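The sequence shown begins at -3 in our numbering and counts up by one.
Note sheet for the following structure.
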Amino acid sequence: MTELLLLFDIDGTLLQVAEEVAFAQAFREQYGDAVDARWPADVTVSDTNFIAAVIARTPGRAATDGEVANVIARFVHHLEHGVASGALPLRLVAGAAEFVAACAAVAPVAIATGCVEPSARLKLHHAGLARYFACGGFSTREQRRAEIVGRAIAAATQHYGRIFAPSQIVSFGDGPWDVEAAQELGLRFVGINESERGRARLARVGATVVLADYTDPAAIWAALNQPAI
């Protein structure tokens, strides 16, 4: 087994799904049709922070934990129904299933995502990836994205019974926030983004290994100076 720990974000990194539709349904049910469910500026990129910010903008006060939990429950319900029915198609990034399967066969892997855990597990299940990820870090009202990645590392340490040095950890992500979290924690980073503009954004914030998908795994490992898995 390799000494590396491989951390994977979910949305945009492993798969694509229009979850904003399920979010909008959840907010409308709770707060009415006039709710502004656009992503607020300067909010940590994670589900619980997004939900809390939208709630705070709607009644003009801080969201309670109960309100956040209610929206999460409604959101996950609508996401499950939408994905299962095909109304919200879920699509894997090219090569993701094969790459994750190959990695999980020889290396510790974990999820590091801004999703709440029920949403993350739902997506992984429908994508056929759930069996590969026994542990991870998820959104629970963090102040920084690096907190989520730290949770993922702690969960992997406990699950695999090993201590991982920062130089042994590779984080896969699609957004600048993923790059910044890896930089803060001293981790190696691989950017995966299907959009040319998205790849350019990753490069601008310091990502040096950036690809559109996983169809050339040898290129990923060559860029990291690692033998191919």
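C-beta: ideal position from N, C-alpha, C; glycine also.
Note that the structure is a prediction, hence the values are computed from the model and not measured.
- Nearest in C-alpha terms to H77, of all of R197, Q21, D209, F134, is Q21.
- In terms of Cα proximity to F46, the closest of F71, A93, D29 is F71.
- Within its own chain, the residues whose Cβ lies closer than 7 Å to the Cβ of G182, once the five positions on either side in sequence are excluded, are P162, listed in chain order.
- Setting aside the 5 residues that flank it on each side, F23 is surrounded in the same chain by V31, A33, V50, V67, each with a C-beta closer than 7 Å to its C-beta; the list follows chain order.
- The beta carbon of V166 lies closer than 8 Å to those of L0, L1, L2, L3, L183, R184, F185, V186, L220 in the same chain, with the five residues before and after it left out.
- The continuous alpha helix (DSSP H) containing A48 extends over residues 43 to 53.
- Linking C99 to D38 through their CA atoms gives a straight-line distance of about 34 Å.
- When Cβ pairs closer than 8 Å are counted between the two stretches, the segment 135 to 144 is seen not to touch the segment 91 to 105, the count staying below three.
- Classified as buried, T44 has 16 or more neighbouring CB atoms from the shown chains inside 10 Å of its CB.
- A69 and P114 have their alpha carbons spaced roughly 9 Å apart.
- DSSP places L75 outside any beta strand (DSSP E); the residue lies instead in the alpha helix (DSSP H), whose first and last residues are 61 to 81.
- Taken through DSSP and simplified to helix, strand or coil, R184 comes out as strand.
- Residue environment analysis places E63 among the buried positions, since at least 16 neighbouring C-beta atoms fall within 10 angstroms of its C-beta.
- Annotated as distal: G132 and I159, with beta-carbon spacing of 8 Å or more.
- In the same chain as R53, and ignoring 5 residues on each side of it, the C-beta atoms closer than 8 Å to its own belong to D32, P36, in chain order.
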